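Visitor: Each residue of the sequence shown is one higher than the one before, starting from 13 at the first, in this note's numbering.
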Amino acid sequence: MTVAVSTDRVRRLALHLFAAALLAVFVMTLYRQLLFTNRVLAGGDIQLYFYAYWDYVGATLREGRLPFWNPYLFLGAPLLANPQSAVLYPLHWPLFAAGGVGLPVTSQLYWSAALHTWLLGLGGYALLRHWRYAFAPALLTGVVLAGSGFVGGLIGHINQLNVIAWLPWAALCLAGVRTLAAWNWSPILARIAMFGVLAALMLLAGHTQSVFINLFALGVWIVWPWGRDEEKGRKGEGERGGALPSSRFTILYSQLRNYLFSLSPSLFVYFFGLTLGVLLAAPQLLPTLELSALGLRSGGLEYIEATSFSLKPLALGWTLLPSYGLVELGAIFDTPGYTEYVAYLGVVALLLAFLGAWKGRGPARVFGVLFVAMGLFLALGRWNPLYFVLYQFAPGFDLFRAPARWMMLYTLGGAVLAGVGLAAVMEAVTAWRPQMWRAAPAMLLIGLAAVELLAAARALPHTHPTAPQAVFEVRTAPAHLLTSPDRDVVGAGAAGRFLGISTITYDPGDMADYRRVFVEEAPRQLDDDAFHDLVIAQKVQELLVPNLPLFWRMPAVDGFDGGVLPLLRYIRFAELLIPPDRLVPDGRLREQIEEMPDSRLLAVLNVAYVVTDKVRDLWFDDVFYDRQIGADLRRLAASLLIETPLRFEATHVDLIGFVEDDISTLGGTVQTVATLEVIDRSGGVQHIDLTAGGGEGAHFADGALDSPLAARSGSVVAFRDVENGRQEYRARLTLAAPTDVQALRITPLKGEAGLIVQAATLYDARTRMFVALLPSDRGRFQLEHSGDVKVYRNLDVLPRAYLAGEMTAVADLEAALALLRDHAVAVTVVEGALDGAQPAQPADRAEIVEYSPERVRIRTQSAAPALLVLSDSHYPGWSATVDGAPAAIKVVNGLFRGVTTPAGAHEIVFTFEPTGWRLGLGGAALGALLLAAAVIGAALAERGDRSSPAA
């Protein structure tokens, strides 16, 4: 008897290993282009978010330290506290280690996707086997789960995939206690331990919304009353232990009592297992909770935002059925993020799922129907009136976007029903022809489903990977910033920041070469989708947006998260750059800033460089004009000075501009609106009047399209902006003789019409050569690089650490922002008391001598007590010492850190550790003890059961 049982166990184990191997082969076939070539996925969150975080986290862990702080995005921000970084998720650690021996970060993500897709499929297989389904139906469930459109679309959102991989395993854990007829401590304690570990893995994997979806669905399932008798094999049975009660009230009471009794083990495992998981994940959860209270979603989301990416009823067919790559789903769903809406199971699996829902029986059918219904119901979001009720009254529904992500429940439920349907087919075959080997049609259907899913994946981005240059090539603008000398002084993190201002509507200059190499030359290497992704990727690499600064280790003002970041203080500070009614709070400033900010406001942010595209620039009559900044002379207290960046002998000065305000006085006249002084390097000055009006020969006219003034005066129209209804004019001003120009000074004259100078260029008519200048009413900038994009240096930039000059104390953030809005140039704003700090003198200094993400060491020298300003975000967990003694950190300029230092020479050290980190470690230690106790208790209870006389 013992030998037979042992043989049966070996056979079952071999069968399970065979299923695992088949699923592994299927997953690797599905992702073969990513796993076994050097192709990469580009575009979307995987490039703009996850590559950067994975690369930084892996590199930091390989250095032997935890990445608590991210100095490269959002002016500095918490990193470990951001759950999407998934620093503490243990399944990532081997992949991070492999990065140290040559596995690129792209491949690390792809192998993580493959591993978790396999785990997801294997969990579906195990769930069906637990419900006593044969090998073939269970294998089909695993294949359908792994190959589904919803899962395939999540490679670009790797943290979601990592979380949902544990959903069938958690369901399997709870399934074992749903059918307990009595309290049995051995399985209950074992399931608490298992569910606790699974809950911890989900919490650490890095996507809070997916955790919420998983736990919500599992909670609904364990309390779901219908079908419980069917699960326990007591269908049609009356009251537990006796005859049917005699009254309707007694029947209802008895049924309720039986329901609550059967429910209690499941709820016990669910809540205590979840508590155990929370304790195990506490080192992640406590810093995350703190960040959540200070970040983007601390007050919840507006309903319109919370229901963005709701399932579209009119496109439901495209969601549920595969398109096999024959149509452009991005156009159908009207978004490049169309994978949010894709949830096909394949036609074969869908038909089997319908059959399973119709003919199936038992707990798998109950589970499958419930999850399919729940997924479809909630994924409709704003198209479901009850979703608004949940948003208003159910905790959690107001914190997350994209209700379409509830389709994971549909996917799991549909895959389970497909397995149930295949079992029904096998039973029907056996009833029809008992002598037929029923596995044959089952294997055929599994093969058809697998092949169809491989074909259906042609609609998903992972089957159209592009060239590795999309991720790893250093473009010209990043190369310029990477060679900045200040990066070598105390480290990349302390280098001057940059701000990007650009869309991606420009055309890269070398794309024709890439098209020839990858598309036109035989054999063709990239299809149209892959080449399109390469082009877009090269653009964002050139602009370093939004999270690519973290990938290349370049400090930036901007960033993107959409989860718990950016900080609320950062969002409020961004109102100084973008009008509040236009501000999108999740970062991506470069898409929202419409004009160059004031250099002195950028100086407060330690912005040394501004990266822009060339969309504003102008070529006219083969001469280049830089229109990026411009100068409205009405804003100036005195004259406008335009310095020449290099020596150049010019015969003409070209100005691009127009006049505004009251132009009625101009009429048919020619009026002088400003004077131009051309200063040469020998000190000589030439004076030229700048004129506007409707009289013949006027340099400028008003900026209205097809201006009547311009038609009468003959002003040369050089630029027309039809969308905004504006045109600008070129005034070519002849110099008395070829002049080595050192600077131009333009002084406005008092009058009704104000002159706007948008661009200036020195021109040599003898050689047709030119030098573009940079008129600016927003401080001093200098063009340092011009390629596909331009890099400007902010000549007014402040160091990262400095001793403040004029200071003022305010009560709170609102007062600080109001003062900064009006006096950003003149004053350092401190929240709280100045504590005796005096304005710094010219001989006073501050120098960063050590800079790492979590530790900054600065030396100061001042004649009187001073305020040291470090232009990095302030956040709880930062502490400071002055010569080793604790010092209070003040919030400076609404966002940054400041410390009052005594007179003389001192050393100030800032250090960071999340405030909940040590408490979280204690919670994890307690969780580990409770986990061990549950495992030991389960083993002892099982031993007691075996040794009892009843056994």
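Each residue gets a CB set at the ideal place from its N, CA and C atoms; glycine is no exception. Here the structure is a predicted model, which is why all the values come from computation and not from measurement.
Unbroken alpha helix (DSSP H) runs of length 4 or more, entirely within the segment 71 to 133: which are they?
Guide: Correct list: 105 to 111.
Visitor: Distance, Cα to Cα, Val529 vs Ala827?
Guide: Going from the Cα of Val529 to the Cα of Ala827 covers about 57 Å.
Visitor: Helix or strand or just coil, what does DSSP make of Asn171?
Guide: Looking at Asn171 - three-state DSSP - the assignment turns out to be helix.
Visitor: Quick check on Arg594: buried or exposed, where buried means 16 or more other Cβ atoms within 10 Å of its Cβ?
Guide: Exposed.
Visitor: Where Val685 and Leu630 are concerned, what is the direct C-alpha to C-alpha distance, given to the nearest angstrom?
Guide: So the alpha carbons of these two residues sit roughly 24 Å apart.
Visitor: Could you pull out every residue in the same chain whose Cβ sits closer than 8 Å to the Cβ of Tyr63, ignoring the five residues on either side in sequence?
Guide: Around Tyr63: Val117, Thr118, Leu121, Val483 and Phe563.
Visitor: Looking only at DSSP bridge pairs, what is His797 linked to?
Guide: Per DSSP, Val803.
Visitor: With three or more beta-carbon pairs closer than 8 Å as the criterion, would you say the segment 83 to 93 touches the segment 278 to 289?
Guide: Counting Cβ pairs under 8 Å, fewer than three are found: no touch.
Visitor: Bridge partners for Glu689 per DSSP, in chain order?
Guide: His699 and Arg757.
Visitor: Leaving out five residues before and five after Leu880 in sequence, what residues of the same chain have Cβ atoms less than 7 Å from its Cβ?
Guide: For Leu880, where only same-chain residues beyond five positions count, the Cβ hits under 7 Å are Ala813, Leu815, Ala858, Ile870, Thr872, Gly910, Val911, Thr913 and Ile920.
Visitor: By alpha-carbon positions, which one of Ala662, Leu678, Ala722 and Gly575 ends up nearest to Pro750?
Guide: It is Ala662 whose Cα lies nearest to the Cα of Pro750.
Visitor: To the nearest angstrom, how far is the alpha carbon of Ala801 from that of Gly642?
Guide: Reading off the sequence, residue 801 comes out as Val, not Ala. Answer to the nearest angstrom: the Cα atoms are 18 Å apart.
Visitor: Report the rounded CA-to-CA distance for Asp714 versus Gly766, giving the unit in angstroms.
Guide: Each residue's Cα considered, the two are about 10 Å apart.
Visitor: Pull up the DSSP beta-bridge partners for Arg871, would you.
Guide: According to DSSP, Arg871 bridges with Glu859 and Glu919.
Visitor: On the premise that Ser885 lies in contact with Gly88, defined as a C-beta separation below 8 Å, what is that separation, rounded to the nearest angstrom?
Guide: About 4 Å; that satisfies the 8 Å criterion.
Visitor: Return the CA-CA distance between Ile462 and Leu301, expressed in angstroms with no decimal places.
Guide: Reading off the sequence shown, one finds Ala at residue 462, where the question assumed Ile. If you take the alpha carbons of Ala462 and Leu301, they lie about 42 Å apart.
Visitor: Nearest to Val223 by CA position, among Asn196, Gln172, Leu323 and Leu201, is which residue?
Guide: Among Asn196, Gln172, Leu323 and Leu201, the Cα nearest to that of Val223 belongs to Gln172.
Visitor: For the beta strand (DSSP E) that Tyr814 lies in, which residues bound it at each end?
Guide: From DSSP, the beta strand (DSSP E) with Tyr814 extends over Ala813 to Leu815.
Visitor: Kindly list the residues whose CB is nearer than 8 Å to the CB of Gly254, restricted to its own chain and excluding five residues on each side of it in sequence; keep chain order.
Guide: Residue placement at Gly254 cannot be trusted, given a pLDDT of 36 that sits under 50; what the coordinates show is reported in the next sentence. Same-chain partners within the cutoff: there are none.
Visitor: Excluding five sequence neighbours on each side, which residues of the same chain lie with their C-beta closer than 6 Å to the C-beta of Lys371?
Guide: Taken in chain order, the residues that qualify are Ala436.
Visitor: Measure the beta-carbon distance from Pro299 to Leu933 and round it to whole angstroms, keeping in mind my assumption that it falls under 8 Å.
Guide: Going by Cβ atoms, the distance from Pro299 to Leu933 rounds to 11 Å, so no, they are not a contact pair.
Visitor: Beta carbon of Tyr101, beta carbon of Ala26: below 8 Å?
Guide: No, the pair does not count as a contact, with Cβ atoms beyond the cut-off.
Visitor: As a quick exercise: from Gly512, Leu538 and Pro237, pick the residue whose alpha carbon is nearest that of Gln45.
Guide: Taking only the C-alpha atoms, the option nearest Gln45 is Leu538.
Visitor: For the alpha helix (DSSP H) holding Trp330, just list the boundary residues, first then last.
Guide: Residues Leu328 to Leu332.
Visitor: May I ask you to list the residues that DSSP assigns as paired with Gln739?
Guide: Gln739 is bridged to Arg732.
Visitor: In three-state DSSP terms, what is Tyr399?
Guide: Three-state DSSP puts Tyr399 in a helix.
Visitor: Between Ala946 and the rest of its own chain, which residues show a CB-CB distance below 8 Å, the 5 nearest in sequence each way excluded?
Guide: Excluding residues within five positions, the ones whose Cβ falls inside 8 Å are Leu201, Ala202, Ile204, Ala205, Gly208 and Leu288.
Visitor: Nearest by alpha-carbon distance to Glu485: which of Val235, Arg190 and Val552 is it?
Guide: The residue with the shortest Cα to Cα distance from Glu485 is Val552.
Visitor: Thinking Asn226 and Ala293 are a contact (beta carbons under 8 Å), I'd like their distance in whole angstroms, please.
Guide: 14 Å between Cβ atoms; not a contact.
Visitor: Just reading off the beta strand (DSSP E) that Val842 is part of, what are its end residues?
Guide: Where Val842 is concerned, the enclosing beta strand (DSSP E) stretches over Thr840 to Glu843.
Visitor: Check Ala580 in the structure and name its three-state DSSP category.
Guide: Reading the sequence as shown, one finds Leu at residue 580 and not Ala. The answer is helix: DSSP assigns Leu580 an H, G or I state.
Visitor: To the nearest angstrom, report how far apart Thr759 and Leu652 are at their CA atoms.
Guide: Near 6 Å, if we compare the C-alpha coordinates of Leu652 and Thr759.
Visitor: Quick one: what does DSSP say Pro854 is sitting in, helix, strand or coil?
Guide: Coil, per DSSP.
Visitor: Tell me whether Trp197 sits in a helix, a strand or coil according to DSSP, three-state version.
Guide: Residue state, collapsed to three classes: helix.
Visitor: Look at the alpha carbon of Trp130 and the alpha carbon of Glu607, and state the distance between them as a whole number of angstroms.
Guide: Approximately 49 Å, taken between the alpha carbons.
Visitor: Please classify Val596: is it buried, with 16 or more other beta-carbons within 10 angstroms of its beta-carbon, or exposed?
Guide: The residue in question, Val596, is exposed, as its Cβ has fewer than 16 Cβ neighbours within 10 Å.
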